[in-house]
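Engineer: This is the structure I have questions about; it appears just below.
Protein chains: 2
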Amino acid sequence: MSGHHETPAGTPEVTRMLAEWVVGLDGSDIPDEVRREGLRTFVNWVGCAVGGARHETVDAALRAVMPFSGERNATVLGRPERLDPLHAALLNGITSHVLDYDDTHLKTIIHPAGPVASALLALSEIRPMSGEDFLTALIIGVEVECRIGNSVYPHHYDRGWHITGTSGVFGAAAAVGKAIGLDRQRMQWALGLAATQSSGLREMFGTMTKSFHPGRAAQNGMMSALMAEAGFDSSERALEAPRGFATVMSDKQDWSEILDDLGTRWEAALNSYKPFACGIVIHPAIDGCQQIRTEIGNRVAEIASVQLTTHPLVLELTGKRTPRTGLEGKFSVFHAAAVALLQGDGAPTAFTDEVVTNPQVIDLRDRINATADPACHEASVTIRVTFKDGSTLDKHIERAIGSSEVPLTDEQIDDKFTVQSALVIGEAATEQLLRMAWETPRSADISEIARCSSQNAVSA
Amino acid sequence: MSGHHETPAGTPEVTRMLAEWVVGLDGSDIPDEVRREGLRTFVNWVGCAVGGARHETVDAALRAVMPFSGERNATVLGRPERLDPLHAALLNGITSHVLDYDDTHLKTIIHPAGPVASALLALSEIRPMSGEDFLTALIIGVEVECRIGNSVYPHHYDRGWHITGTSGVFGAAAAVGKAIGLDRQRMQWALGLAATQSSGLREMFGTMTKSFHPGRAAQNGMMSALMAEAGFDSSERALEAPRGFATVMSDKQDWSEILDDLGTRWEAALNSYKPFACGIVIHPAIDGCQQIRTEIGNRVAEIASVQLTTHPLVLELTGKRTPRTGLEGKFSVFHAAAVALLQGDGAPTAFTDEVVTNPQVIDLRDRINATADPACHEASVTIRVTFKDGSTLDKHIERAIGSSEVPLTDEQIDDKFTVQSALVIGEAATEQLLRMAWETPRSADISEIARCSSQNAVSA
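Protein chains in written order, with the numbering used here: chain A, -2 to 457; chain B, -2 to 457.
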């Protein structure tokens, strides 16, 4: 039963104003450089979705949902199975996140593309749209998701919410709502339906359920927009109401993060792409070790010991000394550094059970030590290698590759795409898919990309 | 990325212990009086689901989901449309709550049956089960849901969570998990998947999205159990972990409410059934006005004014002086009292747009006043009627019908069922359905009830 809970005086009509902006925006209002970053976001996402398609997490999810699928007119990227668009959105959200290799909005640690692109591409298979319209909706969805994330971060994340799920559902709802042409009021309902489904706990990290979060956010956000379209009403102030999303799920509510500079400041332009398939705090160490490997060549065999100096958070989050599985390897800076030195690898192939239990990797891993230094920036690392002859080599990484200061180039995105995708659908199909992804702005029917990704796919 | 967040020393393994109890319980371990209350819970729920089946909220939800339905082997009670079991669970959760006429666990204001029975009955259409096994799983689901609710109530509800949704998803997961025979570890995963989908904001009250909550809880809880069955893993301590459900979504965590006296103290035996189709705080006023009407007969036309003395909460929640729609009428103690005096009605028929705008109702409504008295118990009311000749009549209701002190009799549950259901599927089908519902313990295939509810149904 509803009580009298008034919004504090001075609170802007956040939901209405945001919905109005989304509904009113034309694709041509988005600056070229933002559209360009949206395209990079999409290309990177396609590679990750195909790359993760054969993971056992995906097999388990498919076993559960297949008996309940509606008309199978949408694609699970990189797989032969087809599903109805809602379930395809769920699955593509899982595949694109399951290798921890996707994109990152660094201010909030949101992985933006998973919820938004998974929903939009599945939708495009029943409601055809051009590549340009797809990119417009994708950028809007990412913008909404990251702005809502900004408004409650860090308190919301610190409380234990997996912000990719909790914010992602808004992004998916806004993107799908834009693509299907909701009016302002129905866009507010879509955001309301998204708010009331916002969920996902960080407690799930380390289990299959982590990648369930962007998947379910995609599916639930898409459903929110479709229900609003069908006339299912909801609160029209779900973000700012005293019992709305921001107050119930966070102690911080900064409305200016959502409303200020709409259309001029673009969070969607700040997206970054992981060069390595693990949590971002290990990236400087991997980057540095890869550079050392390139410099020293065969002398890798002569390493006696390695000393890392990192921010304390790195050891808090990834201080696992003796990982036993590929998944645990992602939480071990020692394992990651050893594989980077021995094999130059930071891709998903560096975090398999086989590599983690390889005796040569274990031997080097156990000779790597780390010191936490609060004076060291989170995005930096200092590495000292001591060789068996007593000589040393020092390497300092001020900012790792993939950070906003050292973004991945288009060519590096290509390489990342190819390495992942070729293992799943082969090199020829990968080459065709990658070309098609970059051609998105000229596509008359974006759903062709989904079907292209599965042409060579076989069941796991 | 996961950090090192340890559970405080002394925290019991709540999720594991609860899962173990659910998995190990045999139907014969449940006392007869608890099974009897489970049966009343189910009968009341069937009547509410059929009664709400033609509501516009249901039409809108069906428009949205029909294009995405899988194989249509499950029933939307009281409707001709069929859906896959996951979507049927969603719809039946909506129908059974949409008239605010369902059951209530008074300690937490959870409406227990919606999430649990909606999931279980839909499941029974693809995985046949007897009426006895159905009741066992239903009672377990309600028990899990209410105990988890107790552990975080009232803080969790006060923060703004709609506890029927947030706790209901656990009840649905436990009930479906029991029915499909999950082992202990998979039951823990099912509870983990439920925890990470726990959602639903009180901000949605007054909109269609309120009844979406028990529906989505049913659907998501069912999905949680089916994913766990398929080997999709999750946290095994989702309730008690530092970033688990109870700590993230509440400042209160009382594990004893979940674990103490399992199998001897039964929250499922405390369920109550609303005699009137509105929030529970108005029930004493309706009960009293109905009794006055019975006592004074035609003198209702001679009422000059009515004075209600209630707890302040009644006016805070239902103090709307001039409701304009049926839905707003549910938040007006003045309207509810007027209809009870004039028509003796507190059923959904008392809260239609037509009745709320009836001039005769408005005329009496405007002559009803109310005084808030903190000394008056929330479940009590004192009513003074002043007639045009200056004479007065006083009526005090210490506890309203439907409270735990004055529970509905089986005959009153029958009447409530019949009044609702006959409007939707006619009297003959209603009589058959009601008889069949009470016969549940002797049913070899509980899903027959679902199909019986739709035999006469026509599209809205």
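Even for Gly, the Cβ is constructed at its ideal location relative to N, Cα and C.
Predicted, not measured: the structure shown is a model, and the values here were computed from it.
Using only CA atoms, which one of A/I107, A/K175 and A/T379 lies nearest to A/S269?
Structural biologist: Checked all of A/I107, A/K175 and A/T379; the closest Cα to A/S269 is A/I107.
Engineer: Taking A/M14 as the reference, give the member of A/P82, A/V141 and A/D81 with the closest Cα.
Structural biologist: Of the candidates A/P82, A/V141 and A/D81, the one whose C-alpha sits nearest the C-alpha of A/M14 is A/V141.
Engineer: Whose C-beta lies closer than 7 angstroms to the C-beta of B/M205 among residues of the same chain, with five residues either side of it excluded?
Structural biologist: Once the five neighbours on either side are set aside, the close Cβ partners of B/M205 are T54 and A57.
Engineer: Applying a beta-carbon distance threshold of less than 7 angstroms, which residues of chain B neighbour A/K190?
Structural biologist: First, the amino acid is wrong: residue 190 of chain A is Leu here, not Lys. Ordered by position in chain B, the residues that pass the 7 angstroms Cβ test against A/L190 are T206.
Engineer: Are any of the Cβ atoms in chain B nearer than 8 angstroms to that of A/Q185?
Structural biologist: No - not a single Cβ of chain B is within 8 angstroms of the one on A/Q185.
Engineer: Considering only residues of the same chain and omitting the five flanking positions on each side of B/P125, which have a CB-CB separation below 6 angstroms?
Structural biologist: The answer, listed in chain order, is D442.
Engineer: Quick one: which chain A residues come within Cβ less than 8 angstroms of B/S377?
Structural biologist: Chain A residues near B/S377: none, gap ~18 angstroms exceeds 8 angstroms.
Engineer: Quick one: measure Cβ to Cβ for B/P109 and B/G90, integer angstroms, because I've assumed they're closer than 8 angstroms.
Structural biologist: The Cβ separation is near 12 angstroms, so there is no contact.
Engineer: Measuring alpha carbon to alpha carbon, tell me which of B/F273, B/P356 and B/N295 ends up nearest B/V460.
Structural biologist: As shown, chain B starts at -2 and ends at 457. That puts residue 460 of chain B outside it, with no answer to give.
Engineer: Could you tell me if A/P281 is buried or exposed, where buried requires 16 or more neighbouring beta carbons within 10 angstroms of its beta carbon?
Structural biologist: Its Cβ being crowded by 16 or more others within 10 Å, A/P281 is buried.
Engineer: So with CB distances below 8 angstroms, who are the chain B contacts of A/A61?
Structural biologist: Residues of chain B passing the Cβ test: M220, L223, M224, E226, A227 and F229.
Engineer: Assuming the contact rule is C-beta atoms closer than 8 angstroms, A/G241 and A/S196 should be a hit. Round their C-beta distance to whole Å, please.
Structural biologist: With a Cβ gap of about 15 angstroms, A/G241 and A/S196 do not count as contacting.
Engineer: Using a Cβ-Cβ distance under 8 angstroms, would A/M201 count as near chain B?
Structural biologist: Yes, contact with chain B.
Engineer: I'd like to know if A/G67 contacts chain B, where contact means its C-beta is closer than 8 angstroms to some C-beta of that chain.
Structural biologist: True, the Cβ-Cβ gap to chain B drops below 8 angstroms.
Engineer: At which residue ranges does the region 371 to 427 of chain A contain complete alpha helix (DSSP H) runs of 4 or more residues, listed in the order of the chain?
Structural biologist: Taking only runs of at least 4 residues, the alpha helix (DSSP H) segments lying wholly in the region 371 to 427 of chain A are 407 to 422.
Engineer: Could you tell me which of B/W435, B/T307 and B/A335 sits nearest to B/D407, measuring between CA atoms?
Structural biologist: Closest by alpha carbon: B/W435.
Engineer: Listed from N- to C-terminal order along the chain, which residues in the region 74 to 87 of chain A have their beta-carbon within a distance smaller than 9 angstroms of any beta-carbon of chain B?
Structural biologist: So the close ones are D81, P82, L83 and H84.
Engineer: Starting from A/A58, find everything on chain B with Cβ-Cβ shorter than 9 angstroms and list it in chain order.
Structural biologist: Per Cβ cutoff of 9 angstroms: M224, A227 and F229.
Engineer: Whose Cβ in chain B lies nearer than 8 angstroms to the Cβ of A/R213?
Structural biologist: Neighbours of A/R213 on chain B, chain order: Q194.
Engineer: Thinking just about the alpha-carbon of each residue, which of A/V149, A/A347 and A/W263 is nearest to the one in A/E237?
Structural biologist: Minimum Cα distance to A/E237 is reached at A/V149.
Engineer: Identify every run of the beta strand (DSSP E) within the region 298 to 367 of chain A, keeping only runs that are complete inside it and at least 3 residues long; order them along the chain.
Structural biologist: Listed in chain order, the complete beta strand (DSSP E) runs (minimum 3 residues) inside the region 298 to 367 of chain A are 300 to 307.
Engineer: Hey, quick one: how far does the alpha helix (DSSP H) through A/S208 stretch, first residue to last?
Structural biologist: From DSSP, the alpha helix (DSSP H) with A/S208 extends over T206 to E226.
Engineer: Roughly how many whole angstroms lie between the Cα atoms of A/A215 and B/E402?
Structural biologist: A/A215 and B/E402: Cα-Cα distance of roughly 46 angstroms.
Engineer: Is the CB of B/F242 under 8 angstroms away from at least one CB in chain A?
Structural biologist: Yes, because at least one Cβ of chain A sits closer than 8 angstroms to the Cβ of B/F242.
Engineer: Against chain A, which members of the region 140 to 166 of chain B pass a CB distance test of less than 7 angstroms?
Structural biologist: Of all residues in the region 140 to 166 of chain B, R156, G157 and W158 have a Cβ within less than 7 angstroms of some Cβ in chain A.
Engineer: Kindly list, in the order they appear in chain B, the residues whose Cβ is closer than 7 angstroms to that of A/G197.
Structural biologist: By Cβ distance, chain B contributes T193.
Engineer: Where do the N-terminal and C-terminal ends of the beta strand (DSSP E) with A/H102 fall, by residue?
Structural biologist: Segment D100 to H102, the beta strand (DSSP E) holding A/H102.
Engineer: Hey, could you find the ends of the alpha helix (DSSP H) B/P440 is sitting in?
Structural biologist: Before going further, note that residue 440 of chain B is Ser rather than Pro in the sequence given. Counting along the chain, B/S440 falls outside any alpha helix (DSSP H), and DSSP gives it neither H nor E.
Engineer: Under 8 angstroms by Cβ, that's how I've got A/V297 and A/L339 pegged, so tell me the actual separation to the nearest angstrom.
Structural biologist: Yes, A/V297 and A/L339 are in contact; Cβ-Cβ is about 6 angstroms, under 8 angstroms.
Engineer: Return the residue from the list A/V43, A/D350, A/E375 and A/L22 that minimises the CA-CA distance to A/D411.
Structural biologist: When only C-alpha atoms are compared, the closest one is A/V43.
Engineer: Between B/H1 and chain A, is any beta-carbon pair separated by less than 8 angstroms?
Structural biologist: For B/H1, the predicted structure reports a pLDDT of 42, less than 50, and the residue's modelled location is therefore unreliable. The matter cannot be settled from this model.
Engineer: Can you say whether B/K175 is buried or exposed, counting buried as having 16 or more other CB atoms within 10 angstroms of its CB?
Structural biologist: Its Cβ being crowded by 16 or more others within 10 Å, B/K175 is buried.
Engineer: Would you be able to state if there are at least three C-beta pairs under 8 angstroms between the region 247 to 257 of chain B and the region 121 to 136 of chain B?
Structural biologist: No, they do not touch.
Engineer: Identify whether B/W42 lies in helix, strand or coil by the three-state DSSP scheme.
Structural biologist: Reduced to three states, the DSSP call for B/W42 is helix.
Engineer: Does DSSP classify B/R79 as helix, strand or coil?
Structural biologist: If DSSP states are grouped into helix, strand and coil, B/R79 belongs with the strands.
Engineer: Return the chain-ordered list of same chain residues with a C-beta closer than 6 angstroms to the C-beta of A/T395, the five sequence neighbours on each side being excluded.
Structural biologist: In the sequence on display, residue 395 of chain A carries Glu and not Thr. Result list for A/E395: S377, in chain order.
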